[in-house]
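Note sheet for the following structure.
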Amino acid sequence: MLAVNVLLCLITIALLVHSIRMGIRQDHFPMGMFVGSLLLGAFAGLMSSGHFTLQPNQARVLILFGAYHGTVKESGFHWANPFYSRGTKISLRANNFSTEKLKVNDKRGSPIEIAAVVVWRVQDTAQAMFDVEDYHQYVDVQSEAAVRHLASSYAYDQGEEDEITLRSNADEVAACLKEELQRRLAKAGVVVEEARITHLAYAPEIAQAMLRRQQAEAIIAARQKIVHGAVSMVEMALNDLASRKVVALDDERRAAMVSNLLVVLCGDTEVTPVINTGTLYP
């Protein structure tokens, strides 16, 4: 089409020059030829306005008098009907959207702060153009709504056995967020490539109380491991003494030995050795 438009422009110029020369040489000016060349030039200019270029990962929606006539997605130099509406280019590149820090109650009712990042791109240009008012704003609003719903569907931490929590199961939570976002944004012709939580914390008003609870839970868990290890070591010592026949212990001496070993192994402070020069029996 570019060659046709160039040819029309050359013909227009030639006719204008020829009509002007004929008017100079003759007394009668060729008004018909002159007007025809002007009309041909106007037509060539109108047809030339239909040319447009597209960069990689860019599309143009073709709309003629309010009717959708397709989408051009190939990069390069193109021509379309000059009466197609302009300004309907849509980027097909990946976009990042980071939500603000949202204050939400989790599944247990504890106030938390949460934020997420969403990587998305337009897949169906017709849906993005005609099914929603503003697909950029639609993505923003639906992303925040999905993050709020996700936060209220799971506990922050310390859920029941095998229960998914926001803090402990980051990959599972990210997969659930991506799935919900894709379901919400499909109406706008948008595909979600990735969605992840970028900020997760208790709200400031309960942060100190939750920190003390976490510290207590950590101490309890550590104590449980210490006691479990101490009992195993005492059992191993008693079995070793019995198998090697180092000393014969009755129940009372075994109980005293177990008590002393557990005190040594489970105590917080260093043990001070005490030499017993007497006997266990009065």
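FYI, our numbering numbers position 279 of the sequence shown as 313, with every residue one higher than the one before it. All C-beta atoms in this analysis are idealised placements derived from N, C-alpha and C, irrespective of residue type, glycine included.
#1: Under a Cβ-count criterion, where at least 16 other Cβ atoms within 10 Å of its own Cβ denotes burial, should glycine 143 be classed as buried or exposed?
#2: Going along the chain, which residues of its own chain have a beta-carbon closer than 7 Å to the beta-carbon of leucine 296, five neighbours each way excluded?
#3: Can you say whether threonine 104 is buried or exposed, counting buried as having 16 or more other CB atoms within 10 angstroms of its CB?
#4: DSSP on glutamine 176, reduced to helix/strand/coil?
#5: Would you mind reading off the limits of the beta strand (DSSP E) that contains lysine 212?
#6: Hey, how far is the Cα of aspartate 167 from the Cα of isoleucine 124?
#7: Leaving out five residues on either side along the sequence, give the residues of the same chain with a beta carbon under 8 Å from the beta carbon of isoleucine 146.
#8: Quick check on threonine 133: does DSSP put it in helix, strand or coil?
#9: On the CB-based measure, 16 or more other CB atoms within 10 Å of its CB, does valine 280 come out buried or exposed?
#10: Span of the alpha helix (DSSP H) holding glutamate 286?
#11: Candidates Gln92, Leu98, Phe117 and Arg182: which alpha carbon is nearest serine 109's?
#12: Grouping DSSP H, G and I as helix and E and B as strand, with all else coil, what is leucine 245?
#13: Considering only residues of the same chain and omitting the five flanking positions on each side of phenylalanine 111, which have a CB-CB separation below 6 Å?
#14: Report yes if the CB atom of leucine 126 is closer than 8 Å to the CB atom of alanine 180, and no otherwise.
#15: Helix, strand or coil, according to DSSP, for tyrosine 188 in the structure here?
#16: I'd like the span of the beta strand (DSSP E) that includes glutamine 161, first residue to last.
#17: Here's a check: name, in chain order, each residue in its chain whose Cβ is nearer than 6 Å to the Cβ of alanine 149, leaving out the five neighbours to either side.
#18: At a cut-off of 7 Å, would you count glutamate 178 as near the ligand NAP, judging by its Cβ distance to the nearest heavy atom?
#19: Aspartate 174 and phenylalanine 131 - do their beta-carbons sit closer together than 8 Å?
In terms of the structure at hand:
#1: For the purposes of this step, residue 143 is taken as the residue at position 109 of the sequence shown. So glycine 143 counts as exposed.
#2: Along the sequence shown, one-based indexing puts residue 296 at 262. Excluding sequence neighbours, leucine 296 sits near Ala264 and Val268.
#3: Within the sequence shown, residue 104 is the residue found at index 70, counting from 1. What sits at residue 104 in the sequence shown is glycine, not threonine. Exposed, by the Cβ-count rule.
#4: For this step, residue 176 is matched to residue 142 along the sequence shown. Correct three-state label for glutamine 176: helix.
#5: In the sequence shown, counting from the first residue as 1, residue 212 sits at position 178. Not the beta strand (DSSP E): lysine 212 falls in the alpha helix (DSSP H), residues 204-219.
#6: Position 133 of the sequence shown, counted from the first residue, corresponds to residue 167. Position 90 of the sequence shown, counted from the first residue, corresponds to residue 124. For the sequence presented, residue 167 should be read as glutamate rather than aspartate. Between the alpha carbons of glutamate 167 and isoleucine 124 lies a gap of roughly 14 Å.
#7: Here residue 146 refers to the residue found at position 112 of the sequence shown. So the qualifying residues of the chain are Lys137, Val138, Asn139, Asp140, Ala185, Tyr190, Leu200, Leu234, Ala235, Tyr236 and Ala237.
#8: Along the sequence shown, one-based indexing puts residue 133 at 99. Three-state DSSP puts threonine 133 in coil, outside helix and strand.
#9: Here residue 280 is taken as the residue at index 246 of the sequence shown, counted from 1. Exposed, because fewer than 16 other Cβ atoms sit within 10 Å of the Cβ of valine 280.
#10: Numbered from its first residue, the sequence shown carries residue 286 at position 252. From DSSP, the alpha helix (DSSP H) with glutamate 286 extends over 285-300.
#11: For the purposes of this step, residue 109 is identified with residue 75 of the sequence shown, where counting begins at 1. With distances taken between Cα atoms, serine 109 lies closest to Gln92.
#12: The residue labelled residue 245 in the question sits at position 211 within the sequence shown. Looking at leucine 245 - three-state DSSP - the assignment turns out to be helix.
#13: In the sequence shown, the residue the question calls residue 111 occupies position 77. Cβ neighbours of phenylalanine 111 beyond the five flanking positions: Thr87.
#14: Here residue 126 corresponds to residue number 92 of the sequence shown, with the count starting at 1. Here residue 180 corresponds to residue number 146 of the sequence shown, with the count starting at 1. Their beta carbons are not under 8 Å apart, which means leucine 126 does not touch alanine 180 by this criterion.
#15: The residue given as residue 188 occupies position 154 in the sequence shown. Looking at tyrosine 188 - three-state DSSP - the assignment turns out to be coil, as it is neither helix nor strand.
#16: Within the sequence shown, residue 161 is the residue found at index 127, counting from 1. Premise fails: glutamine 161 lies in the alpha helix (DSSP H), 159-164, not in any beta strand (DSSP E).
#17: Here residue 149 corresponds to residue number 115 of the sequence shown, with the count starting at 1. Excluding sequence neighbours, alanine 149 sits near Thr133, Lys135, Thr232 and His233.
#18: The model depicted lacks the ligand NAP and carries no ligand whatsoever.
#19: Locating residue 131 in the sequence shown gives position 97, counting from the first residue. Locating residue 174 in the sequence shown gives position 140, counting from the first residue. Yes; because the gap between Cβ atoms is below 8 Å, this pair is in contact.
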